Structures are given as structure tokens and as C-alpha cells.
Ligand code: DAH
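Numbering (the numbering used here), first residue to last: 616 to 944.
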């Protein structure tokens, strides 16, 4: 036993450590929970007579202290060394690294501007899920079963029966909100929508829509018109716009709004008075309440605002293009 102890003592003394990895090997070699040399000796003590146990116990404890001391010394030396190294490397004459400040994505700028405009006239902003079920995206909005937009060719279905899909428009947010809240309310929502369309300069499989709706007693088409005028005039100054009669299953009457540009009339949004059937679908009394709704394509609008010709550029992530947009929003 004495020989063994001398041998261990030597080994502790002579163990050379350079790195933290060596330190860990050293620690495990002597104090490792299962196979540490000292750990095993402590275990073996049980088999020795009580008298010897006291003596050897003391000796092994001293060895343990030696190991711990060596570890402590290593730490203190290395910490000092590291700090010195850091201090030596610090050169106050080197100019600071410049931090590049990003810019908002052009579509986010328009989104935030629209949100700001609608907050000013008392609208609440809400988000809705991009993954929808058939009822919220189609059925509750009065879109008949045979409607072409329900076709597999137009909609990305995640599964059939039950039908789960990527929302094709933000109008589903109307249903989600109206089911949970009682009128009156004015709500705006902006987000991504998905359609199975070929990518071109004017269309993509994903784009952004803004959806607004207002329900109260006696809301009329003139309220809708004034709200649209307010939006367009705030975005474009005095712009020439027209309301063109149209059809949407969830509004009656319905209209499309066109804005006049150098190249002629450009359609930018759909709108109308919410169909009483839609109100019934979400248990709102259609005798008492009426409302308007509108849906607006953000990319479409951006082409006019930024005078762009191709929407694909928004998704190329070319920083040279993106960083040109500065905004207070
Ligand atoms: N959801 C329609 C679309 O994606 C746009 C739209 C039209 C929304 C009329 C509305 C509305 O809220 O009233 O083409």
C-alpha cells in the first residue's frame, strides 16, 4: 500500500498540464467517479482493518487535496494568462468596426404605412393563420362548392378530407374575427396568401394582402367609399380612382377599385358590402348589422408606389435593391 501511495504521489506531481483538456484528463484520472485512482482507493478502504483505515484514510485525503490544489493553481494561472493576453491584444488606436444598419423590406414599408393609416381611423390590427381549413377560407365566406378557386389547380391543399390548405386570401381572417367578437368592430389584417400560379412579373405563388372590414349598425357603401378614398389619397396624394361593379361571393354589392396611372387603369383591390349570409354564418344578426370589406394586393400596390415592373425582385433578396428603401416605418 505504501509503495502504491508513493507511486500515486509522484504521478500527481509529475502530471503535466498545458490545456483545459489536460486538466480534465488529470481530474478524471484521479477523482473520476467510477475509475478515478483515488476514488478506487477510498472504496478499497472498506476492506482494511479499522486501525489501518484511519491512517490510510488520512493519507488518501491528503492526496485528494493535492489533486484539488493542482487544479486550483492551473485555473488561477490560466485565467491570469488569458486576461493578460486579452489586455495585450487590445489596441485602442484601431478604428471601431462599423455596424451596418439594415433597412426595411419595401413590402414591409407599405404594410406598416397601411397599418398606421388604419390605426388613425380606429381600426384594430389582427393576424390570422396561413394554414386554414375549408370552412374559414371558403364555406363561411359563401364560396360555393363548385367555385373554381376551390380547385386543386388553384389552391395548395395540405390534406384532403378534412381539407386543410394554405389560405388563398386574407378574407378568412374576417370569419375568425367575427366568430369571436360581437360588433361593432373595425379590423385590419395583412399577411401572406398562397395560390398555385405560375411565377411571372405580375404573379407569384405567394403574395401579400391587406384585408379590412367594418361592421356596425347602418354601415353603408358610402362609408366604404370614403375609407377607400382616404387610403388611396393618403398613399398617392390626389389620385384618380374608379369603382367598377364586380362579383365576390362574400359581398353584395361588390366592386373592384382601379387607380389611374400613366399606363392606364390598374386594378388594385376588391371590396363590397358584406353579404348577409356571411354574417349569418358567424351568428351576427344581419337585420341589425351591416358592414363593408375590402382586400388589397400589397405587391400590386407596390408596383405603382415604387414604379416597378416586376414583383420577382422583392423575393430575390438582392441587398443592393433592398437597401435603397428608407422609411420612417
Ligand atoms: N378575397 C378577395 C381576393 O382575394 C379580395 C376581396 C374582395 C376581399 C372583396 C374582400 C372583399 O374583403 O370585400 O381576391
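Ideal Cβ positions, reconstructed from N, Cα and C, are used throughout, including at glycine. Note that the structure is a prediction, hence the values are computed from the model and not measured.
Let me check understanding here. Comparing Cα to Cα, which of 867, 876, 831 lies closest to residue 853?
Residue 876 is the option with its Cα nearest to residue 853.
Would you mind sorting residue 708 into buried or exposed? The rule is 16 or more other CB atoms within 10 Å of its CB.
Exposed, by the Cβ-count rule.
Short check: CB of residue 806 to CB of residue 908, under 8 Å?
The answer is no: Cβ separation not under 8 Å.
Quick check: the Cα distance between residue 677 and residue 671, rounded to an integer number of angstroms?
Computed Cα separation, rounded: 10 Å.
Is residue 810 helix, strand or coil by DSSP?
Of the three classes helix, strand and coil, the one that applies to residue 810 here is coil, per DSSP.
From residue 911 to residue 803, what does the alpha carbon distance come to, in whole angstroms?
Taking the straight line from one Cα to the other gives about 11 Å.
When the Cα atoms are used, what is the spatial distance from residue 938 to residue 855?
Cα to Cα, the separation comes out at about 31 Å.
Can you tell which of 761, 757, 793, 786 has the C-alpha that lies nearest to the C-alpha of residue 890?
Checked all of 761, 757, 793, 786; the closest Cα to residue 890 is 757.
Between residue 866 and the ligand DAH, is the CB less than 7 Å from at least one heavy atom?
Within the cutoff, so yes.
If you drop the 5 nearest sequence neighbours on each side, which residues of the same chain put their C-beta closer than 6 Å to that of residue 737?
Taken in chain order, the residues that qualify are 801.
Roughly how many angstroms separate the alpha carbons of residue 872 and residue 850, rounded to a whole number?
Straight-line Cα distance between these residues: approximately 14 Å.
Return yes when at least one heavy atom of the ligand DAH lies under 7 Å from the C-beta of residue 784, else no.
Indeed, a heavy atom of the ligand DAH lies less than 7 Å from the Cβ.
How close, in whole Å, do the beta carbons of residue 904 and residue 830 come, if the pair is a contact with beta carbons under 8 Å?
The pair is a contact, with the Cβ atoms about 5 Å apart (cut-off 8 Å).
Answer with buried or exposed for residue 572, where buried requires no fewer than 16 other C-beta atoms within 10 angstroms of its C-beta.
Outside the shown range of the chain, which is 616 to 944, sits residue 572, and nothing can be said about it.
Using a Cβ-based criterion (distance less than 7 Å to any ligand heavy atom), does residue 936 qualify as near the ligand DAH?
Incorrect: residue 936 has no Cβ contact closer than 7 Å to the ligand DAH.
Determine the contact status of residue 785 and residue 808, defining contact as a CB-CB distance below 8 Å.
Against a cut-off of 8 Å, the Cβ pair of residue 808 and residue 785 comes out as a contact.
Checking 8 Å against the spacing of the C-beta atoms, do residue 755 and residue 779 come in under that value?
Going by C-beta atoms, residue 755 is not nearer than 8 Å to residue 779.
From the DSSP output, read off the bridge partner residues of residue 823.
According to DSSP, residue 823 bridges with 807.
So residue 870 packs on residue 729, CB below 8 Å; how close in whole Å?
Wrong, their Cβ atoms sit about 19 Å apart, outside the cutoff.
Just tell me which of 762, 781, 777, 764 has its CA closest to the CA of residue 771.
Measuring from the Cα of residue 771, the nearest candidate turns out to be 781.
Less than 8 Å between the beta carbons of residue 644 and residue 651, yes or no?
Their beta carbons are under 8 Å apart, which means residue 644 touches residue 651 by this criterion.
Along the chain, where does the beta strand (DSSP E) that runs through residue 862 open and close?
856 to 863 is the extent of the beta strand (DSSP E) around residue 862.
Assess contact between the region 911 to 928 and the region 817 to 824, defined as three or more Cβ pairs (one per stretch) separated by less than 8 Å. Is contact present?
Yes, the region 911 to 928 is in contact with the region 817 to 824.
Which one or two residues does DSSP pair with residue 910 in a beta bridge?
According to DSSP, which records beta bridges pairwise, residue 910 is partnered with 826, 885.
Along the chain, which unbroken stretches of the beta strand (DSSP E) at least 3 residues long are found entirely within the region 618 to 647?
For the region 618 to 647, not a single whole beta strand (DSSP E) run of length 3 or above is found.
Nearest to residue 620 by alpha carbon, out of 679, 886, 794?
Closest option to residue 620, Cα to Cα, is 679.
Report the residue from 719, 746, 658 whose alpha carbon sits nearest the alpha carbon of residue 934.
Among 719, 746, 658, the Cα nearest to that of residue 934 is on 719.
So what does DSSP say about residue 748, is it helix, strand or coil?
Note: residue 748 maps to strand in three-state DSSP.
Looking at the structure shown, is residue 690 part of a helix, part of a strand, or coil, going by DSSP?
Correct three-state label for residue 690: helix.
Just reading off the alpha helix (DSSP H) that residue 563 is part of, what are its end residues?
Residue 563 cannot be examined here, being either before or after the span of the chain that is shown, 616 to 944.
Is it right to say residue 653 is buried, meaning 16 or more other beta carbons lie within 10 angstroms of its own, or is it exposed?
That one is buried.
Is the CB-CB distance between residue 913 and residue 638 below 8 Å?
Cβ atoms of residue 913 and residue 638: not closer than 8 Å.
Would the C-beta of residue 733 count as close to the ligand DAH, meaning under 7 Å from any of its heavy atoms?
Not so, every heavy atom of the ligand DAH lies at least 7 Å from the Cβ.
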